[in-house]
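*Asks:* In my numbering, the protein residues as written are 76 to 676.
Here you go, one structure.
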Amino acid sequence: MTDPVTTEETAQSKIFANFIAQFQPQTLLPSVSAGLVTGVIAVIRGISYAALIFAGSLSGYLSIGVGMAIFSNVAMGIAVALLAPFPGIIATPLAAPTAVLAALAGAIAARMNGSYPPQEILLTVVAAIVISTVLAGLLLLVLGRFKLGNKIQLIPHPVIGGFMGATGVILLEGSLQVMTNVEFRLSQLSTYLQPEILPNWITGVICALILLIVADRYKHFLVIPGTLVVFIGIFYLGFLVTNTSFTDAKAQDWLLSFAIDEGQLWQPLMPAQFDGIHWPVILQNWDAIASVIFICVLELVLTKNGIESFVRQDINLNRTLEAVGLGNVIAGMGSGMAGNQALPSTILVSKMGASRCLTGIICALVSIAVLFLGPSLLSFFPRPVIGALSFYLGLSLVIQWVYQTWFQLDISEYLIIIASLIVIFAVGFLEGIAVGFAAQLILFLYNYAQREIITEDGNGIEPTTEMLPSFAVHARQEQTHQIKIWQLQGYIFFATANRLVEKFRQLLNTEQSQKPSYLIIDGSRLEGLDASGVLSFAKILRLAYQQGITIVYANLTPSAEHKLDRGQALETDNAYCQHFPDLEQALQWCHSQLLAHLRYN
């Protein structure tokens, strides 16, 4: 018998040995390199996501948003690095939940503007983001703890497509707002054509298109960050050539601007500030909060599947749920924003041969350094470059889920993607997802209803000499047409049930010489039936009684038998209704009845 103490010591020794192995020169250098690169990418994307959320009337508090995003990099990065089942997973805020958080922040700001002090609006927005993040984390934790991971993978592909496509459109919209520092409204598109605004977003869109082309052509991990650095260099070269000062560039909205002092990048909510939070306003936006929670669950499944397909290794979904869930809870408690596994960065780590937990920790250390530096460094980032990154991400999603799926899916499923996208963009995420699920359900029911529910075996199985007495073998051919067999298959429900009755009516309309005396209904392949199915069998029984045809059930499951009995479709006291446990006994009974009739005649 193994000593428990020895087993525990062995496990601890293995963990310690693995930890020490990560600091060997041959593994340390790739981990440091990958951690630094992904850390810089995480910071740049964090700034971009913060600029999406804290835009328009909230743009003066952008530095607080950046602090929230960067802190989330730290909290989620360390939690996932230490607890994830696959080493080297990078976790940060991502585009999809950020798009909904941006809509949530914009809705709260629009509702409160003009009626409440700016500081209270800010506190309410931050509180809404915190609540969304903590609730999303708790749900992920519960799903992982109770091993419910497999239950959340049953999401139709068109629903995912509509959600991802709409996320891309919202990112495109938000990126224009980041580039110009002007709130985006369809009714006021002419604002974007004004001479002082037009150059900002045109420049950003051009940068995004270049980024899209370059990233598609060259698959190296340094392409995106390297291209962004080149863009920043070109901007400052332009400022130098045009003799534009740093102050003038900020005034013309070419650079990010902050409304708080340096050193205050991360400002978590404190209990003393709770009185300034307007909880009813947050409650009125419950649908957006629910959307964030749903999207975090959905995105975890998507990113986990993407990582698995790249590394060609199964990843424990329940442990992933727990790791990402705990990371979100910690991030939320520190006034961070919702996040998940970052698929591109995780793939990058794998490509660099640095799939170790140390890589994720180094990535988080980069964000810690930025938190200590404060907003002074971030003020040098050009708005069009930050907006271009969001525009690139949004355009990539639209191309993947709106353009490419046209060539991959049936027209009916593609239309579900478009319908979900339109409803999400025009109304909201929950409504669009609900429309997608409803449309997918209707499409499934329609397609399922087209399946043949009856496998008709001609006149049934001809009786063998073992089934018949020797004197009646010569009458075998004359008897078989009097026995009809229906082999049911699938699930009989409201969309298919009436076809049973119509099929039976067709049987009744055949020539008298071909009309059967017995109809055997074999339920060996029957998966189930609803109330409409039971009603159809009851109608068939009544019609059979009127025509002198005996209904013989065989191979019914206890559930089907119970439903038919309660619905008066299986009447054991009726001579025209019989029930047998299997098809062979049903056939033997029918043939014995026919033989008895022959003897009588």
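From the three backbone atoms N, C-alpha and C, an ideal C-beta is built for every residue, glycine too.
At which residues does the alpha helix (DSSP H) containing H232 begin and terminate?
*Replies:* First-last of the alpha helix (DSSP H) with H232: 232 to 255.
*Asks:* Buried or exposed: where does Q653 fall if 16 or more other Cβ atoms within 10 Å of its Cβ makes it buried?
*Replies:* Answer is buried; the Cβ neighbour count reaches 16.
*Asks:* Where do the ends of the beta strand (DSSP E) carrying H654 lie?
*Replies:* Start and end: 652 to 655.
*Asks:* Considering only the beta carbon of each residue, do P162 and C432 sit closer than 7 Å?
*Replies:* In this structure, C432 lies closer than 7 Å to P162 by Cβ.
*Asks:* Let me check one thing: in DSSP terms, what residues is T167 bridge-paired to?
*Replies:* T167 pairs with N415.
*Asks:* Quick check: the Cα distance between D648 and K559, rounded to an integer number of angstroms?
*Replies:* Cα to Cα, D648 sits roughly 22 Å from K559.
*Asks:* Looking at G598: is its Cβ nearer than 7 Å to the Cβ of N630?
*Replies:* In this structure, N630 lies closer than 7 Å to G598 by Cβ.
*Asks:* Can at least three beta-carbon pairs, one atom from the region 275 to 289 and one from the region 188 to 205, be found at a separation below 8 Å?
*Replies:* Contact between the region 275 to 289 and the region 188 to 205 is absent, because fewer than three Cβ pairs lie under 8 Å.
*Asks:* So what's Y293 in DSSP terms, helix, strand or just coil?
*Replies:* In this structure, Y293 counts as coil in the three-state DSSP scheme.
*Asks:* Please classify K638 as buried or exposed, where buried requires at least 16 other C-beta atoms within 10 Å of its C-beta.
*Replies:* By the 10 Å Cβ count, K638 comes out buried.
*Asks:* What residue range does the beta strand (DSSP E) around L312 cover?
*Replies:* Segment 298 to 316 is the alpha helix (DSSP H) holding L312; no beta strand (DSSP E) there.
*Asks:* Roughly how many whole angstroms lie between the Cα atoms of Q622 and L594?
*Replies:* Cα to Cα, Q622 sits roughly 12 Å from L594.
*Asks:* Out of Q587, S634, L575, point me to the one whose CA is closest to E602's CA.
*Replies:* Selected option, being the one with the closest Cα: S634.
*Asks:* Roughly how many angstroms lie between the CA atoms of L669 and Y523, to the nearest whole one?
*Replies:* When rounded, the distance between both Cα atoms is 38 Å.
*Asks:* With DSSP as the reference, please indicate the residues paired to R600 in a beta bridge.
*Replies:* Looking at the DSSP assignment, R600 forms a beta bridge with Q564.
*Asks:* So, at 7 Å on beta carbons, what are the nonlocal neighbours of T242 in its own chain, with the 5 sequence-adjacent residues on each side left out?
*Replies:* Counting only Cβ-Cβ distances below 7 Å, and skipping sequence neighbours, we find A170, A171, A174, L472.
*Asks:* Identify the residues that DSSP records as bridge partners of T625: which are they?
*Replies:* Partner(s): Y593.
*Asks:* In the DSSP assignment, the alpha helix (DSSP H) including V477 goes from what residue to what residue?
*Replies:* Premise fails: V477 is in no alpha helix (DSSP H) and is neither H nor E.
*Asks:* To the nearest whole angstrom, what separates the beta carbons of F568 and L604, a pair I think is in contact under 8 Å?
*Replies:* Sure, about 7 Å apart at Cβ, within 8 Å.
*Asks:* Going by other Cβ atoms of all chains shown within 10 Å of its Cβ, with 16 needed for buried, is H353 buried or exposed?
*Replies:* Flag for H353 reads buried.
*Asks:* Along the chain, which unbroken stretches of the alpha helix (DSSP H) at least 4 residues long are found entirely within the region 493 to 526?
*Replies:* Those alpha helix (DSSP H) runs which fall completely within the region 493 to 526 and span 4+ residues are 504 to 524.
*Asks:* Going by the CB atoms, is the gap between S465 and L246 shorter than 7 Å?
*Replies:* Taking 7 Å as the Cβ cut-off, L246 and S465 qualify as a contacting pair.
*Asks:* Please work out which residues of its chain come closer than 7 Å, Cβ to Cβ, to F314, disregarding the five sequence neighbours upstream and downstream, and give them in chain order.
*Replies:* A324.
*Asks:* Could you please give the first and the last residue of the uninterrupted alpha helix (DSSP H) stretch that includes N403?
*Replies:* 392 to 408 is the span of the alpha helix (DSSP H), which, as asked, contains N403.
*Asks:* For T317, decide whether its Cβ has a neighbour in chain C, counting only Cβ atoms nearer than 7 Å.
*Replies:* In the structure shown, chain C does not exist; there is a single protein chain.
*Asks:* T434 lies in the alpha helix (DSSP H); which residues open and close that run?
*Replies:* It spans 432 to 448 - the alpha helix (DSSP H) in which T434 sits, taken as one unbroken run.
*Asks:* Leaving out the 5 sequence neighbours to the left and right, which residues in its chain are closer than 7 Å to G411 when beta-carbon positions are compared?
*Replies:* Counting only Cβ-Cβ distances below 7 Å, and skipping sequence neighbours, we find M143, F146, S147, A150, T208.
*Asks:* Pick out whichever of V627, Q483, I370 has its Cα sitting closest to the Cα of H682.
*Replies:* The chain is shown from 76 up to 676; residue 682 falls before or after that span and cannot be answered.
*Asks:* Would you list the one or two residues that DSSP bridges to K559?
*Replies:* L594, per the DSSP bridge assignment.
*Asks:* Which residue marks the beginning of the alpha helix (DSSP H) containing Q359, and which one marks its end?
*Replies:* Looking at the DSSP string, the run of the alpha helix (DSSP H) that includes Q359 is 354 to 359.
*Asks:* Would you be able to state if there are at least three C-beta pairs under 8 Å between the region 209 to 225 and the region 395 to 415?
*Replies:* These segments touch.
*Asks:* Under the three-state reduction of DSSP, which class applies to P346: helix, strand or coil?
*Replies:* Reduced to three states, the DSSP call for P346 is helix.
*Asks:* Is the region 183 to 194 touching the region 468 to 482 in the sense that three or more CB pairs, one from each, lie closer than 8 Å?
*Replies:* These segments do not touch.
*Asks:* Counting along the chain, where does the alpha helix (DSSP H) carrying T199 start and finish?
*Replies:* T199 -> alpha helix (DSSP H) spans 193 to 220.
*Asks:* Going by C-alpha to C-alpha distance, which of I128, G642, D389 sits closest to F259?
*Replies:* When only C-alpha atoms are compared, the closest one is I128.
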